[in-house]
Amino acid sequence: MTTQPDRYAVMGNPIAHSKSPRIHALFAAQTGQHLEYRAILVEKGGFAAAARAFREAGGKGLNVTVPFKQDAWVFADLPSVRAERAGAVNTLIFESGGVRGDNTDGPGLIRDLTVNHGYRLTGQRILLLGAGGATRGILQPLLLERPAQLVIANRTADKALELALRFSDLGRVSGCGFTELGGRRFDLIVNATSAGLEDAVPPLPDGILAADGWCYDLMYGSEPTAFVRWGLERGAVRSLDGLGMLVEQAAESFHLWRGVWPETGSVIAALRVG
Ligand code: ATR
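Position one of the sequence shown corresponds to residue 316 (our numbering), numbered consecutively onward.
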């Protein structure tokens, strides 16, 4: 008798172009895990009902993407410390005792930078652009790497100041608007704004990237993103997009669900080809 595969899914809106089903299918094939993973489009305001229905139908866990990560945090009975800090959940684990929630975006970014690219975050001056959900998801893991300083710069300066205050017990973090960045220099600039959706880059002063600086865009695309191009034009040692982070956050979720680590390098390479 063949057993039914364990069921997982990613919920978001939009969701049609999600790479997560392909990533998890590759992970499952590689590790011999018997599971099914699909993409589910959820109406705005309908997350909790859709997640409950998926669980009641026997689903084992969910990935959650824009715009539902905050809804998923509310939905989780047992959020991890980092998910609680972020106020956002991208991974739900359905267990008999309740719904665990975690946020693997930050660990995914850290693993891509440190393991895949050999970057050492400790002691670096980091500039984080944007103060929305993406920034909240990565702040704690970044600060735990003990950078020399972390500056959050945002179009709406108050949001950056507010976030910096909320995470100030974890390290040297401050917030400001883009206009206050003149004369400053950073070793790593991470773009967590959604400006790239309009092929734009936040306004940054000349000389802000240190001579041996790196750039990292949380966004990715088949062509280099606007921010990746910005970094290359300013002589960044590396100017990376977020494809590696996408695969690494998926690997963290896979590990939470299945207890095994997939190998990510070949999956990143496969997705890069298209
Ligand atoms: P996400 O979940 O992707 O972080 P979000 O919570 O809507 O999405 O946040 C989007 C972020 O991108 C915000 O920091 C936003 O700046 P504001 O807080 O001032 O709105 C930033 N952003 C969006 N478009 C931008 C642009 N064209 N230039 C600079 N920043 C931009």
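Quick reminder that beta carbons are idealized off the backbone N, C-alpha and C, glycines included.
Legend entry - Buried/exposed call for residue 598, threshold 16 Cβ in 10 Å: Residue 598 lies beyond the stretch modelled for the chain, which goes from 316 to 589, so this question has no answer here.
Inset, instruction - Any chance you could list the beta strand (DSSP E) runs of at least 3 consecutive residues sitting entirely within the region 484 to 533, in chain order? - result: 488 to 491, 501 to 506 and 524 to 532
Legend entry - Unbroken stretches of the alpha helix (DSSP H), 4 residues or longer, contained in the region 354 to 419: 362 to 371, 384 to 390 and 396 to 401
Legend entry - Closest residue to residue 320 among 329, 352 and 330 (Cα-Cα distance): Sequence index remark: in the sequence shown, residue 320 carries index 5 (1-based). The shortest Cα separation from residue 320 among 329, 352 and 330 belongs to 352.
Legend entry - Residue(s) in a DSSP beta bridge with residue 555: Numbered from its first residue, the sequence shown carries residue 555 at position 240. Looking at the DSSP assignment, residue 555 forms a beta bridge with 531.
Legend entry - Between the CA atoms of residue 404 and residue 543 - distance to the nearest angstrom: In the sequence shown, residue 543 corresponds to position 228, counting from 1. In the sequence shown, residue 404 corresponds to position 89, counting from 1. Looking at the two C-alpha atoms, the distance is approximately 27 Å.
Legend entry - Helix, strand or coil at residue 439 according to DSSP, with G and I counted as helix: Residue 439 sits at position 124 when you count from the first residue of the sequence shown. In this structure, residue 439 counts as coil in the three-state DSSP scheme.
Inset, instruction - Find the nearest neighbour of residue 410 within the set 380, 376 and 457, judged by alpha-carbon distance. - result: Residue 410 sits at position 95 when you count from the first residue of the sequence shown. The shortest C-alpha separation from residue 410 is found at 376.
Legend entry - Among 347, 380 and 436, nearest to residue 329 - alpha-carbon criterion: Looking up residue 329 in the sequence shown gives position 14. If we check each option's Cα against that of residue 329, 380 comes out closest.
Inset, instruction - Sort out for me which residues DSSP pairs residue 327 with in a bridge. - result: Indexing the sequence shown from 1 puts residue 327 at position 12. According to DSSP, which records beta bridges pairwise, residue 327 is partnered with 356.
Legend entry - Contact between the region 459 to 474 and the region 523 to 534 (3+ Cβ pairs under 8 Å): no
Legend entry - Proximity test, residue 430 beta-carbon vs the ligand ATR heavy atom, cut-off 7 Å: What you label residue 430 is simply residue 115 of the sequence shown in a count that begins at 1. No, the beta carbon of residue 430 sits no closer than 7 Å to any heavy atom of the ligand ATR.
Inset, instruction - Put residue 573 into one of helix, strand or coil per three-state DSSP. - result: Translated into positions along the sequence shown, residue 573 becomes position 258. Three-state DSSP puts residue 573 in a helix.
Legend entry - Buried/exposed call for residue 512, threshold 16 Cβ in 10 Å: By one-based count along the sequence shown, residue 512 stands at place 197. By the 10 Å Cβ count, residue 512 comes out exposed.
Inset, instruction - Check whether the region 432 to 441 touches the region 385 to 396, taking contact to mean three or more Cβ pairs, one atom from each stretch, closer than 8 Å. - result: no
Legend entry - From 397, 495 and 414, residue whose alpha carbon lies closest to that of residue 459: The residue you call residue 459 lines up with position 144 of the sequence shown. Considering only alpha carbons, the answer is 397.
Legend entry - Distance between residue 445 and residue 408 (C-alpha atoms, nearest Å): The sequence position of residue 408 within the sequence shown is 93, counting from 1. The sequence position of residue 445 within the sequence shown is 130, counting from 1. Rounded to whole angstroms, residue 408 to residue 445 spans 29 Å at the Cα level.
Legend entry - For residue 322, the three-state DSSP class (helix, strand or coil): Sequence index remark: in the sequence shown, residue 322 carries index 7 (1-based). Of the three classes helix, strand and coil, the one that applies to residue 322 here is strand, per DSSP.
Inset, instruction - Examine the ligand ATR and report whether any of its heavy atoms sits within less than 7 Å of the Cβ of residue 380. - result: Here residue 380 refers to the residue found at position 65 of the sequence shown. Not under cutoff, so the answer is no.
Legend entry - Same chain, Cβ closer than 6 Å to residue 522, neighbours up to 5 away in sequence not counted: Working through the sequence shown from its first residue, we reach residue 522 at position 207. Excluding positions up to five away in sequence, the list is empty.
Inset, instruction - Whole angstroms is fine: what's the gap from residue 417's alpha carbon to residue 574's? - result: Translated into the one-based positions of the sequence shown, residue 417 becomes position 102. Translated into the one-based positions of the sequence shown, residue 574 becomes position 259. About 15 Å.
Legend entry - For residue 335 and residue 453, the rounded distance between their alpha carbons: Position 138 of the sequence shown holds residue 453. Position 20 of the sequence shown holds residue 335. Cα to Cα, the separation comes out at about 19 Å.
Legend entry - Straight-line gap, residue 569 to residue 545 (C-alpha atoms, nearest Å): If you number the sequence shown from 1, residue 569 lands on position 254. If you number the sequence shown from 1, residue 545 lands on position 230. Those two C-alpha atoms are separated by around 33 Å.
Inset, instruction - Taking only the alpha-carbon atoms, compute the straight-line gap between residue 366 and residue 359 and give it to the nearest angstrom. - result: Looking up residue 366 in the sequence shown gives position 51. Looking up residue 359 in the sequence shown gives position 44. Cα-Cα distance, rounded: 13 Å.
Inset, instruction - For residue 447, verify whether its CB is less than 7 Å away from any heavy atom of the ligand ATR. - result: Within the sequence shown, residue 447 is the residue found at index 132, counting from 1. Flag set: Cβ of residue 447 near the ligand ATR.
Inset, instruction - Could you have a look at residue 345 and say whether DSSP puts it in helix, strand or coil? - result: Along the sequence shown, one-based indexing puts residue 345 at 30. It is helical.
Inset, instruction - Flag residue 509 as yes when its Cβ comes closer than 7 Å to any non-hydrogen atom of the ligand NAD, and as no otherwise. - result: The ligand NAD is not part of this structure, which contains only the ligand ATR.
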